[in-house]
Amino acid sequence: MWKFSIRRILIMIPQMIFLSILIFILAKMMPGDALSGMVDPNVNPERLDEIRENLGWNNPWHVQYADWVGGVLKGDLGQSFRFKMPVTDIVGQRIINSFWLSVLTLIFTYAIAIPLGIISGRYNDTILDQSISGYTYLGFATPLFIFALVMLWVFGFTLGWFPTSGSVTPGLQPGTFEYFMSKLNHLILPSISMALITTVSTVQYLRNEIIDTKQKDFILTARAKGASESRVYNRHILRNSLLPIAAFFGFEITGLIGGTVFIETIFGYPGMGLLFYESILLRDYSVVTAVTLLFGIASIIGALLSDIILSLVDPRIRIK
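Final position of the sequence shown in UniProt numbering is 320; the numbers increase by one with none missing.
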């Protein structure tokens, strides 16, 4: 197990190097920079060129990349030209919000997916199963941003049950119970909106696993020996069907990354996704590259977690 984990971690090193190069090159290929689009007639274009030269933006890409990587290794993600502050400070302010949004989304995802998948798989080909399958098909066909807009309009603007933007009510003192409840209230609607869409693949996978396990020889043998139906499901079918679900935990984290960009933008939730979107509009490429790099590293780590969990579930896949 340790050999497998160490080898898998070592594979991450070239992945991260390639990821950093790709992100940097793509950012440099984007048109314009943070100084582009200034329409103030009093701004001298020669002065803008001088600023670009002083910032090193006119250097060859490999020189800029080396400077950028050197700063990243030291914990310096650069300076935001638009926000006038270090990128590390900006990310530090937003990453906590995105973390709690992802945690609550994962809780809702598994709280919804596991019961629905178990019911649908156990009572397959019934009206109940067809209803759950209909929900999953509808979820597969519905774009996340469309569903989020509907949820915001219904439960935010029409019914007024949840806040429509922000992460906490202004004026509350951090550390108080009211502050905590306000943070939670701002999290519920965006997290459950994302969970209701992302959960459909888990429901279908668990359903299919249960149906497939019910037909295995050891299940037929357990029934032939007189084991009760509840014992067969709880001790054999359900246990074997849930193990592969745990292996996809890391991939669930990866899937959340793309979803948070839409969710945080629609709900005005100040997290990493909204920061990424705003930085692209402002052409603040130091922030864009930093956030994209963090998203990419999170995806790589998510895949690593999935491989490790899957190796625990099924030791046959371990690298010898």
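Ideal Cβ placement from N, Cα and C applies to all residues, glycine included.
Straight-line Cα distance separating residue j from residue i
| i | j | result |
| --- | --- | --- |
| leucine 138 | isoleucine 197 | 9 Å |
| leucine 22 | glycine 273 | 20 Å |
| glycine 174 | phenylalanine 162 | Just to set this straight, residue 174 is proline in the shown sequence, not glycine. Computed Cα separation, rounded: 20 Å. |
| isoleucine 263 | serine 98 | 11 Å |
| glycine 134 | valine 87 | 45 Å |
| tryptophan 61 | phenylalanine 18 | 15 Å |
| isoleucine 107 | leucine 159 | 25 Å |
| glycine 70 | serine 80 | 17 Å |
| serine 165 | phenylalanine 145 | 15 Å |
| tryptophan 153 | methionine 29 | 37 Å |
| valine 291 | valine 72 | 12 Å |
| glycine 75 | methionine 85 | 15 Å |
| phenylalanine 218 | isoleucine 96 | 47 Å |
| isoleucine 112 | phenylalanine 140 | 16 Å |
| methionine 181 | threonine 169 | 10 Å |
| proline 143 | isoleucine 114 | 22 Å |
| glutamine 215 | isoleucine 6 | 37 Å |
| phenylalanine 177 | leucine 184 | 11 Å |
| asparagine 59 | leucine 10 | 32 Å |
| tyrosine 277 | arginine 283 | 10 Å |
| isoleucine 210 | glycine 226 | 20 Å |
| phenylalanine 155 | serine 279 | 29 Å |
Sequence-distant residues of its chain with Cβ nearer than 6 Å to residue i (five each side left out)
| i | result |
| --- | --- |
| leucine 116 | Ile132 and Val203 |
| valine 307 | Per the sequence shown, residue 307 should be read as aspartate rather than valine. Within the same chain, aspartate 307 has close Cβ partners Arg8. |
| isoleucine 147 | In the sequence as displayed, the identity of residue 147 is phenylalanine instead of isoleucine. Result list for phenylalanine 147: Ile197, in chain order. |
| lysine 3 | none |
Own chain residues within Cβ distance below 7 Å of residue i, not counting five before or after
| i | result |
| --- | --- |
| tryptophan 100 | Leu187 |
| phenylalanine 24 | Tyr65, Trp68 and Thr289 |
| serine 20 | Val69 and Leu293 |
| alanine 27 | Tyr285, Val288 and Thr289 |
Residue i versus the options, residue with shortest Cα-Cα distance
| i | options | result |
| --- | --- | --- |
| isoleucine 266 | Ile309, Phe18, Met194 and Tyr123 | Met194 |
| tyrosine 205 | Thr105, Gln93 and Tyr110 | Tyr110 |
| threonine 105 | Pro270, Ile192 and Thr158 | Ile192 |
| arginine 207 | Ile219, Leu149 and Asp125 | Asp125 |
| glutamine 93 | Ile300, Tyr285, Leu275 and Leu294 | Leu275 |
| leucine 256 | Met12, Met151 and Ala298 | Ala298 |
| threonine 199 | Gly226, Lys183, Glu252 and Phe295 | Glu252 |
| arginine 122 | Ser230, Arg223 and Leu282 | Ser230 |
| arginine 82 | Ala303, Leu281, Leu305 and Phe295 | Leu281 |
| threonine 136 | Gly78, Val63 and Ser201 | Ser201 |
Nearest-angstrom Cβ-Cβ length linking residue i and residue j, presumed shorter than 8 Å
| i | j | result |
| --- | --- | --- |
| isoleucine 90 | valine 287 | 6 Å |
| leucine 189 | tyrosine 179 | Actually they do not touch by this definition, with Cβ atoms about 18 Å apart. |
| proline 270 | serine 102 | Not really, about 14 Å apart at Cβ, beyond 8 Å. |
| glutamine 15 | isoleucine 300 | 6 Å |
| valine 232 | alanine 222 | 5 Å |
| methionine 12 | leucine 220 | Not a contact, Cβ separation roughly 43 Å. |
Cutoff 8 Å; reference residue i; Cβ partners in own chain excluding five residues on either side
| i | result |
| --- | --- |
| leucine 128 | Ile119 and Ser120 |
| leucine 149 | Ile266 |
| glycine 268 | Thr164, Ser165, Gly166 and Leu274 |
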